[in-house]
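Shown next, in structure tokens, is the structure this report addresses.
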Amino acid sequence: MITHISPLGSMDMLSQLEVDMLKRTASSDLYQLFRNCSLAVLNSGSLTDNSKELLSRFENFDINVLRRERGVKLELINPPEEAFVDGRIIRALQANLFAVLRDILFVYGQIHNTVRFPNLNLDNSVHITNLVFSILRNARALHVGEAPNMVVCWGGHSINENEYLYARRVGNQLGLRELNICTGCGPGAMEAPMKGAAVGHAQQRYKDSRFIGMTEPSIIAAEPPNPLVNELIIMP
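In terms of UniProt numbering, the sequence shown has 29 at position 29, counting the first letter as 1, and numbering is strictly consecutive.
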């Protein structure tokens, strides 16, 4: 199976120079990391923390960055069938795929762009803060003119049922107060608050739900995002 995916949520308008940079980065040593993180996104909701198992199941999977008139699109080769409904990719996965493209390839290219980040020193705390701000702004995670309503819930994936239910109840109370959730994007204590908040938002008819999954490459490659994540951010 070969399918082409257009941008949704991120990377929907790029200059030709930015496309050239993406194409170069996609064919660099970062390709394998980009492929593995993309595969993890396509397996969102999968209950596994074993990257070898995931990669061995889909060893024929490949992903290519293709040029188009106003930017890029992705070519998926032998993707997981569960990522599609009636032949069309699930929209949340489509958006998260381009988040991977943005944070693995585009951000890397920008970091190594001496014009955008002249004299960048990753041992300097001021430079690191500036870089983190740039990554979050590029991901459209920072909203101006809104009252702060993002609650960070942190915890691991290996929790028992009672802990899961407790975290979900906490999330429900947050959702009833129209608060959004940020977690590490995986299962367990990272999924439960989002699930509870989703119910709370539905009860309040709250339409602006934000479930931010913040992770890093080696984690997401082994631990696919939970299916509630609608804003994926992969930090370096």
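Cβ coordinates follow ideal geometry from the N, Cα and C atoms, glycine included.
Check                                                                                                                                                                         : Outcome
For the alpha helix (DSSP H) that residue 211 lies in, which residues bound it at each end?                                                                                   : Here residue 211 belongs to no alpha helix (DSSP H); instead the beta strand (DSSP E) covers 211-215.
Enumerate in chain order the residues of its own chain whose CB-to-CB distance from residue 201 is below 6 Å, with the five nearest sequence positions on each side excluded. : 175 and 209
Between the stretch 17-29 and the stretch 59-72, are three or more C-beta pairs nearer than 8 Å?                                                                              : yes
Would you call residue 135 buried or exposed, if buried means 16 or more other Cβ atoms sit within 10 Å of its Cβ?                                                            : buried
State the DSSP-derived secondary structure class of residue 207, mapped to helix, strand or coil.                                                                             : coil
Mind checking which residues open and close the beta strand (DSSP E) that includes residue 64?                                                                                : 62-68
Helix, strand or coil for residue 232 per DSSP?                                                                                                                               : strand
Measure the C-alpha to C-alpha separation of residue 171 and residue 150 and round it to an integer number of angstroms.                                                      : 12 Å
Mind checking which residues open and close the beta strand (DSSP E) that includes residue 18?                                                                                : No beta strand (DSSP E) contains residue 18, which is instead part of the alpha helix (DSSP H) from 16-26.
If you reduce the DSSP assignment to three classes, tell me which class residue 149 lands in.                                                                                 : coil
Determine, using beta carbons only, whether residue 225 comes closer than 8 Å to chain B.                                                                                     : Given the protein chain composition of this structure (a single chain), no chain B is represented.
Check for me: the alpha helix (DSSP H) holding residue 127 runs from which residue to which?                                                                                  : 125-138
Are residue 124 and residue 186 touching if we call contact CB-CB under 8 Å?                                                                                                  : no
Quick one: Cα of residue 222 to Cα of residue 228, how far?                                                                                                                   : 18 Å
When the Cα atoms are used, what is the spatial distance from residue 206 to residue 197?                                                                                     : 10 Å
If I measure Cβ to Cβ from residue 14 and keep anything under 6 Å in the same chain, skipping five residues before and after, which residues do I get?                        : 71
Using the C-alpha atoms, what's the distance from residue 33 back to residue 85?                                                                                              : 26 Å
Quick check: the Cα distance between residue 147 and residue 154, rounded to an integer number of angstroms?                                                                  : 22 Å
Kindly indicate the opening and closing residues of the alpha helix (DSSP H) around residue 97.                                                                               : 91-100
Give me the DSSP bridge partner(s) of residue 237.                                                                                                                            : Since the displayed the chain opens at 1 and closes at 236, residue 237 lies outside it and no answer follows.
Using C-beta distances below 8 Å, list every residue in its chain close to residue 285, excluding the 5 sequence neighbours before and after it, in chain order.              : The structure shown does not extend to residue 285, since the chain spans only 1 to 236, so no value can be given for it.
Note down, in chain order, each residue of its chain lying with its Cβ closer than 6 Å to the Cβ of residue 103, except the 5 sequence neighbours on either side.             : 234
Would you list the residues sitting across from residue 182 in a DSSP beta bridge?                                                                                            : 152 and 212
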